[in-house]
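> Under the UniProt record's numbering, the first residue of the sequence shown is numbered 1, with each subsequent residue one higher.
Yeah, the Cβ is synthetic: ideal placement off N, Cα and C, and Gly gets one too.
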Amino acid sequence: MTFNTVLRRNRPGIKASEFCNWAELPFEEMDSTLAVQQYIQQLIRKDPSSIDTILTLPDNQDASAFKYEQLRQFCMELNGLAVLLQKQCFPSTCSQMTSTEQWIFLCAAHKTPQECSAIDYTRHTLDGAACLLNSNKYFPSRVTIKESSEGKLGSVCRRVYRIFSHAYFHHRQLYEEFEGKTFLCKRFSTFVLRNNLMTPDTLLVPMEVTQKIDATLEGRTNVNHTIFFGFLNQNCCFLPIFFLAALYSLPVAVLALKRHNRHLKQLHHTKVHHRKPLNLESECPEDNPDELKY
1 MTFNTVLRRN RPGIKASEFC NWAELPFEEM DSTLAVQQYI QQLIRKDPSS
51 IDTILTLPDN QDASAFKYEQ LRQFCMELNG LAVLLQKQCF PSTCSQMTST
101 EQWIFLCAAH KTPQECSAID YTRHTLDGAA CLLNSNKYFP SRVTIKESSE
151 GKLGSVCRRV YRIFSHAYFH HRQLYEEFEG KTFLCKRFST FVLRNNLMTP
201 DTLLVPMEVT QKIDATLEGR TNVNHTIFFG FLNQNCCFLP IFFLAALYSL
251 PVAVLALKRH NRHLKQLHHT KVHHRKPLNL ESECPEDNPD ELKY
């Protein structure tokens, strides 16, 4: 009797091109305790831009455990952004963990929350998230999640999101390089909003605005190309009219860009020399206060 067994394991010395290069397996056939993690990673390898597919809860799966596994995966992938940030984000240049000029984030990894350089805050936050999510006290099982422990997920989301916002506002080139390959911030933003783990006003990276601009420009471009080639082949004499129609999309794109710029100005409206007295408040009362708002 012959058994066709597929070993889903990366052996020592494996080539990069062969890493995780095994056949896909339907979720129904994944019978290990790590099935949900395996399923999520399989979807990400297949198409990281397919956000809805990755975040869709499989049938007969515990919703809390699925959220827990998604957050574990986010933290693992965020280590890739942390490595990229080490190229530019130094304690001498980013001495505080900030996104816009309105907020300074205190590092909760210390006994008393205190200021950390941005790169140290990133390391401490990811280390703290890993310790919490692997804690036998709060998460003894990866199949079912205690209701009391589920409340910890929102706190982790709120803190790790600051890594995205700092990268976006202070290291835009590295952020776009990473986001263009992983779509991680878009997926994370969709995840926290869908599961009510964060509120829209706390998502500082203007993902919806940029998506609408991209969709508008792409949609208008496709329509104009279709009109151009079809109309040109049949009615060359009406070419000037076509150019007027092609320009129709320009005001729409300009208006969208103006709205985007207005949104960014609102985020940056507080100047350093206009800062108000510090106000120590925490978004979540059960957490240590770890934010300074100017």
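Alpha carbon to alpha carbon, how far is T125 from E77? Give it in angstroms, no decimals.
Each residue's Cα considered, the two are about 14 Å apart.
> Can you list, in chain order, the stretches of the beta strand (DSSP E) that have 3 or more residues and sit fully within the segment 106-163?
Those beta strand (DSSP E) runs which fall completely within the segment 106-163 and span 3+ residues do not exist here.
> Between R45 and chain C, is any beta-carbon pair separated by less than 9 Å?
Within the model displayed, chain C is absent; a lone protein chain is all it includes.
> Taking Cβ positions, are L84 and L174 nearer each other than 9 Å?
Yes.
> Just checking my contact of I40 with K186 at CB under 8 Å: how many whole Å lie between their CB atoms?
Actually they do not touch by this definition, with Cβ atoms about 16 Å apart.
> Mind checking which residues open and close the alpha helix (DSSP H) that includes Q173?
Its alpha helix (DSSP H) spans residues 172-182.
> Only counting the same chain, and skipping five residues up and downstream in sequence, which positions put a Cβ closer than 8 Å to that of V156?
Closer than 8 Å at the Cβ level, and outside the excluded window around V156, lie L71, C75, A129, L132, L133.
> Note down, in chain order, each residue of its chain lying with its Cβ closer than 6 Å to the Cβ of R159, except the 5 sequence neighbours on either side.
Result list for R159: T125, in chain order.
> According to DSSP, is residue 328 part of a helix, a strand, or is it coil?
This structure does not reach residue 328, given that the chain is present from 1 up to 294, and the question cannot be answered.
> Can you find at least 3 beta carbon pairs, one from the segment 112-124 and one from the segment 78-97, that sit closer than 8 Å?
Touching, yes, given that three or more Cβ pairs across the two stretches are closer than 8 Å.
> Buried or exposed for E28, please, with buried defined as at least 16 other CB atoms from any protein chain shown within 10 angstroms of its CB.
Exposed, by the Cβ-count rule.
> Can you list, in chain order, the stretches of the alpha helix (DSSP H) that have 4 or more residues and sit fully within the segment 49-110?
Runs of the alpha helix (DSSP H) inside the segment 49-110: 51-55, 63-85.
> Need the endpoints of the alpha helix (DSSP H) that R11 sits in, please.
Careful: R11 lies outside any alpha helix (DSSP H) and carries neither H nor E.
> Count the C-beta pairs between the segment 188-204 and the segment 107-117 that are closer than 8 Å, then say yes if the count reaches three, no if not.
These segments do not touch.
> Counting C-beta neighbours from all protein chains within 10 Å, is the total for R8 16 or more, i.e. buried, or is it exposed?
The residue in question, R8, is exposed, as its Cβ has fewer than 16 Cβ neighbours within 10 Å.
> Verify whether the separation of the beta carbon atoms of R142 and Q38 is less than 9 Å.
Cβ atoms of R142 and Q38: not closer than 9 Å.
> Taking F188 and F164 to be in contact with their CB atoms under 8 Å, please state how far apart those CB atoms are, rounded to whole angstroms.
Confirmed, Cβ separation roughly 7 Å.
> On the premise that L203 lies in contact with Y68, defined as a C-beta separation below 8 Å, what is that separation, rounded to the nearest angstrom?
Contact flag wrong, Cβ pair sits at about 21 Å.
> Output yes or no for whether 9 Å exceeds the beta carbon distance between D47 and T53.
Yes, Cβ-Cβ distance for D47 and T53 is below 9 Å.
> Do L81 and F178 count as a contact pair if the criterion is CB distance below 9 Å?
In this structure, L81 lies closer than 9 Å to F178 by Cβ.
> Rounded to whole angstroms, what's the CA-CA distance from G13 to T144? Just pull it up for me.
Approximately 35 Å, taken between the alpha carbons.
> Going by beta carbon distance, what residues of the same chain come within less than 6 Å of A118, once the five residues before and after it are set aside?
Contacts found: C89, C94, M97, H166.
> In three-state terms, what does DSSP make of F19?
Coil at F19, not helix or strand.
> Given N10, which residues of its chain have a CB within under 7 Å of its CB, disregarding the five upstream and five downstream residues?
Hits under 7 Å: F19, C20.
> Could you check if S86 is buried or exposed, using at least 16 other CB atoms within 10 Å of its CB as the buried criterion?
In the sequence as displayed, the identity of residue 86 is Gln instead of Ser. Label assigned to Q86: exposed.
> Excluding five sequence neighbours on each side, which residues of the same chain lie with their C-beta closer than 7 Å to the C-beta of H171?
Cβ within range, chain order: L85, Q88, C89.
> With distances taken Cα to Cα, identify the nearest neighbour of S17 among R45, M30, Q73.
It is R45 whose Cα lies nearest to the Cα of S17.
> In whole angstroms, what is the alpha-carbon distance linking P91 and Q114?
If you take the alpha carbons of P91 and Q114, they lie about 15 Å apart.
> Less than 9 Å between the beta carbons of Y161 and S149, yes or no?
Cβ distance not < 9 Å, so Y161 and S149 don't count as in contact.
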